[in-house]
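Below: the structure, in structure tokens.
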Amino acid sequence: MDHLDEISVEELQRALNEVEGNKPTQRLTAAIAYKNGVTQTELSEWYGVQRRTIYSWL
């Protein structure tokens, strides 16, 4: 997840505004939430997926 350190929430939000499709939208939304302090465990509960799935998204 080191690559998330190099990108701002604003950049992620811009990408979210331009992306199409459910999967990319979910991943970007999860990344934004993670950057804002939501844990991987919380995200896995929100999305109904395993924590390792969230890890791979980030």
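When we follow full-length UniProt numbering, the leftmost residue of the sequence shown carries the number 1, and every step to the right adds one. Note that CB positions come from ideal geometry on N, CA and C, so glycine has one too. Remember, it's a predicted structure, so these values are computed and weren't measured experimentally.
### Cut-off 7 Å between Cβ atoms - residues of its own chain near Thr-33, not counting five sequence neighbours on either side
Numbered from 1 along the sequence shown, position 33 holds the residue referred to as residue 33. Correcting the residue type first, residue 33 is Ala in the shown sequence and not Thr. Result list for Ala-33: Leu-43, in chain order.
### Query
Per DSSP, what kind of secondary structure is Val-19 in: helix, strand or coil?
Residue mapping note: residue 19 aligns to position 19 of the sequence shown, counting from 1. It is coil, neither helix nor strand.
### Task
Run the CB neighbour count on Arg-52, radius 10 Å, all protein chains shown included, and call it buried at 16 or more, exposed below.
To locate residue 52, count along the sequence shown from 1; it is residue 52. Burial call: exposed.
### Query
Assuming Gln-26 contacts Tyr-55 under a Cβ cut-off of 8 Å, what Cβ separation, rounded to an integer in Å, is found between them?
As a first step, residue 26 must be located in the sequence shown, where it is residue number 26. As a first step, residue 55 must be located in the sequence shown, where it is residue number 55. Contact doesn't hold; Cβ gap of about 14 Å is too wide.
### Message
Tell me the DSSP secondary structure of Ile-7 in three-state form.
### Response
For the purposes of this step, residue 7 is identified with residue 7 of the sequence shown, where counting begins at 1. When DSSP states are grouped into helix, strand and coil, Ile-7 belongs to the coil group.
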